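Worksheet for the structure shown next.
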Amino acid sequence: ETGVTQTPRHLVMGMTNKKSLKCEQHLGHNAMYWYKQSAKKPLELMFVYNFKEQTENNSVPSRFSPECPNSSHLFLHLHTLQPEDSALYLCASSQDRSQTPGYTFGSGTRLTVV
Amino acid sequence: DAKTTQPPSMDCAEGRAANLPCNHSTISGNEYVYWYRQIHSQGPQYIIHGLKNNETNEMASLIITEDRKSSTLILPHATLRDTAVYYCIVRGITSYDKVIFGPGTSLSVIP
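Chains as they are written, first to last, in this note's numbering: chain A, 3 to 116; chain B, 19 to 129.
Structure follows, in structure tokens:
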């Protein structure tokens, strides 16, 4: 365990479903991030939250809706996804002005859209 | 775009040192060099970081050139479990500094 927990580990959903991914950290970090990693591609930054406020939306389609109710929890709400949204979704956290360890990542949620 | 360039792939014999290069010619004075690795389908794992001095920890050593435009990650005795994609990243230390991942270097440790 890295200190960042993501659930579920695997998710299969239909294109008309609504589901949510959950990320939780108890490292005392103030920033949390969602990344998407499609097959054989680099990680793509999706959203950034600092002190519970969204500070980055990297042109993500509205079918992905993040929520950060407090500094320890981050959600990614999914609705009407497309098969090309199938990917590994990674959550990370970091502490402002702290060098080590930079980002701490969760193990990811493997999403398959059918 | 990522601020770093790395070779797409490398091989290393088991037990030998793996030297992974990274170019970051546009690095600014307040940016650190970080290395992460990602073993298949897991989240990236922090390895080491540095500003301008060489660094060593239990996992690896980091050599940063004097002009800070490039660096090398050294795994002193590579094992099969070191097979992974290695990412070199430059970032500031505030949580408002975006971290952009490039494609990294896919290291294969060969028996």
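Ideal Cβ positions, reconstructed from N, Cα and C, are used throughout, including at glycine. The structure displayed is predicted, hence computed values, not measured ones.
In angstroms with no decimal places, state the Cα-to-Cα distance between residue i and residue j.
i                     : j                     : result
residue 11 (chain A)  : residue 85 (chain B)  : 43 angstroms
residue 97 (chain B)  : residue 38 (chain A)  : 29 angstroms
residue 22 (chain B)  : residue 75 (chain A)  : 31 angstroms
residue 96 (chain A)  : residue 69 (chain A)  : 17 angstroms
residue 5 (chain A)   : residue 29 (chain A)  : 6 angstroms
residue 49 (chain A)  : residue 73 (chain B)  : 31 angstroms
residue 65 (chain A)  : residue 35 (chain A)  : 17 angstroms
residue 83 (chain B)  : residue 32 (chain B)  : 27 angstroms
residue 34 (chain B)  : residue 41 (chain B)  : 23 angstroms
residue 81 (chain B)  : residue 15 (chain A)  : 45 angstroms
residue 20 (chain A)  : residue 45 (chain A)  : 24 angstroms
residue 33 (chain A)  : residue 98 (chain A)  : 7 angstroms
residue 52 (chain B)  : residue 69 (chain B)  : 9 angstroms
residue 59 (chain A)  : residue 77 (chain A)  : 14 angstroms
residue 101 (chain A) : residue 71 (chain B)  : 14 angstroms
residue 122 (chain B) : residue 24 (chain B)  : 6 angstroms
residue 92 (chain A)  : residue 112 (chain B) : 20 angstroms
Consider the Cβ of residue i: report whether some Cβ of chain B lies at a distance smaller than 9 angstroms.
i                     : result
residue 19 (chain A)  : no
residue 98 (chain A)  : yes
residue 23 (chain A)  : no
residue 43 (chain A)  : yes
residue 9 (chain A)   : no
residue 109 (chain A) : yes
residue 102 (chain A) : yes
residue 92 (chain A)  : yes
residue 52 (chain A)  : yes
residue 32 (chain A)  : yes
residue 13 (chain A)  : no
residue 116 (chain A) : no
Out of the options, which one is the CA nearest neighbour of residue i?
i                     : options                  : result
residue 40 (chain A)  : A:87, A:76, A:71         : A:87
residue 131 (chain B) : B:128, B:129, B:124      : Outside the displayed range of chain B (19 to 129) lies residue 131 (chain B), so it cannot be described from this structure.
residue 62 (chain B)  : A:100, A:94, A:98        : A:94
residue 36 (chain B)  : B:87, B:82, B:78         : B:78
residue 31 (chain A)  : A:54, A:20, A:45, A:19   : A:54
residue 89 (chain B)  : B:20, B:60, B:101, B:67  : B:67
residue 119 (chain A) : A:52, A:60, A:79         : Residue numbering for chain A in the displayed model covers 3 to 116; residue 119 (chain A) lies beyond these limits and cannot be assessed.
residue 104 (chain A) : B:95, B:129, B:87, B:116 : B:116
residue 76 (chain B)  : B:27, B:87, B:24, B:95   : B:95
residue 82 (chain A)  : A:90, A:101, A:42, A:18  : A:18
residue 99 (chain B)  : B:56, B:121, B:24, B:39  : B:56
residue 129 (chain B) : B:101, B:112, B:120      : B:101
residue 120 (chain B) : A:7, A:42, A:9           : A:42
Tell me, to the nearest whole angstrom, how far the beta carbon of residue i is from that of residue j; I am working on the premise that it is less than 8 angstroms.
i                     : j                     : result
residue 50 (chain B)  : residue 64 (chain B)  : In fact, because the Cβ distance is near 12 angstroms, the residues do not count as touching under 8 angstroms.
residue 30 (chain B)  : residue 103 (chain B) : Their Cβ separation, rounded to whole angstroms, is 14 angstroms, which puts residue 30 (chain B) and residue 103 (chain B) out of contact at 8 angstroms.
residue 62 (chain A)  : residue 85 (chain A)  : At roughly 17 angstroms, the Cβ-Cβ gap does not stay under 8 angstroms, so residue 62 (chain A) and residue 85 (chain A) are not in contact.
residue 114 (chain B) : residue 57 (chain A)  : 6 angstroms
residue 92 (chain B)  : residue 20 (chain B)  : The pair is not a contact, with the Cβ atoms about 21 angstroms apart (cut-off 8 angstroms).
Should residue i be flagged as near chain A, meaning a C-beta pair shorter than 9 angstroms?
i                     : result
residue 21 (chain B)  : no
residue 137 (chain B) : Because chain B here runs from 19 to 129, residue 137 (chain B) falls outside it and cannot be looked at.
residue 122 (chain B) : yes
residue 109 (chain B) : yes
residue 62 (chain B)  : yes
residue 70 (chain B)  : no
Cβ of residue i less than 9 angstroms from any chain D Cβ?
i                    : result
residue 65 (chain A) : No chain D appears in the structure shown, which is made up of the protein chains A and B.
Quick one: any contact between the segment 98-108 of chain B and the segment 44-61 of chain B, if contact means 3 or more CB pairs under 8 angstroms?
Flag = yes, the segment 98-108 of chain B and the segment 44-61 of chain B touch.
Using 8 angstroms as the cut-off, can you tell me whether the segment 22-40 of chain A makes contact with the segment 99-114 of chain A, which would need three or more C-beta pairs spanning the two stretches below that distance?
yes
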